[in-house]
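K.L.:
In my numbering, the protein residues as written are 3 to 285.
1. For the candidate residues 285, 28, 263, whose alpha-carbon lies nearest to that of residue 144?
2. Ignoring anything shorter than 3 residues, give me the beta strand (DSSP E) runs that lie fully in the region 126-208, in order along the chain.
3. When DSSP labels each residue in this structure, what does residue 109 get in the three-state scheme?
4. Quick one: give me the first and last residue of the beta strand (DSSP E) that residue 255 is part of.
5. For a test of the three-state rule: what should DSSP assign to residue 94, helix, strand or coil?
6. Nearest to residue 13 by CA position, among 140, 227, 238, 191, is which residue?
7. Along the chain, where does the beta strand (DSSP E) that runs through residue 57 open and close?
8. Are the CB atoms of residue 163 and residue 92 within a distance shorter than 9 Å?
9. Quick one: give me the first and last residue of the alpha helix (DSSP H) that residue 63 is part of.
10. Pairs of beta-carbons, one from the region 271-281 and one from the region 222-241, closer than 8 Å: are there three or more?
11. For the ligand NAP, I want to know if residue 111 counts as a neighbour, meaning its beta carbon is within less than 8 Å of at least one of the ligand's heavy atoms.
12. Determine the burial state of residue 59: buried for a count of at least 16 other Cβ atoms within 10 Å of its Cβ, exposed for fewer.
13. Residue 252: buried (16+ other C-beta within 10 angstroms of its C-beta) or exposed?
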């Protein structure tokens with residue numbers, strides 16, 4: 003396939019590299035430039051929209067709005083192009099994107115991903131895909147390169163974005179759960195490694211607990227996913243809950259705690275630093 007990439011952060015670069023290595027023709031645009039082996043850098047976003055598909059991996063709603071909508075670039079896409087939106091965005095903006103793509107005559111698949119940069123580098127992301135079945139099938143060769151599994155979440159693209167926001171909400175809850183459990187156990191003489199080994203070997207052996215317990219055990223919070231981005235995703239979950247007229251008390255609590263973590267100066271650390279903030283009593 004002839005694939006465009008917009009956004010070459012840690013995740014986008016890994017995706018672009020894997021697609022090029024798999025034999026696809028990849029052209030990428032990035033606001034701050036960059037270089038990825040096997041990938042041709044183009045000077046404008048419009049040039050990235052001239053292939054069979056374009057994959058966007060931008061930071062948030064505002065970045066996508068600026069690059070694709072406010073600029074009018076979407077209307078310059080090659081006829082038949084399919085846009086694969088891999089970013090974590092709000093459900094409300096996802097609905098707006100559906101309308102904007104329909105107006106521009108551009109096919110659209112929402113495909114946010116689960117996985118950190120190391121998972122993206124291995125091509126083992128979980129892809130949450132929603133859109134017209136024919137469009138998903140058309141970009142499946144792309145998705146199969148960047149992901150280990152494609153989860154079909156229906157024909158309405160915003161469903162995939164709601165699922166992604168919900169997943170990130172649950173990861174944040176798991177981080178806070180470990181922080182609160184360790185605050186309790188360490189105060190009563192149970193070693194951190196000892197308790198984490200216990201929970202991983204009994205009740206909580208899921209990937210989120212495995213990945214983030216390792217950070218907490220070592221006290222190493224070099225960012226894989228920054229706390230400030232985690233706070234953004236919890237805001238998106240809060241907005242989605244309010245729009246659905248649902249009361250989510252656990253979300254309110256973890257959103258407040260992540261806010262405190264960022265305000266304490268840990269925003270550029272991995273979001274699992276929220277557990278350390280809790281263990282230390284907010285110090």
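Just so it is clear, CB atoms sit at the ideal spot from N, CA and C, and this is done for glycine as well.
P.N.:
Taking the coordinates as given:
1. 28
2. 127-131, 149-154
3. strand
4. Looking at the DSSP string, residue 255 is not in any beta strand (DSSP E); the run it does join, the alpha helix (DSSP H), is 251-263.
5. helix
6. 227
7. 55-58
8. yes
9. 63-66
10. yes
11. Among the components modelled here there is no ligand, and therefore nothing to report on the ligand NAP.
12. buried
13. exposed
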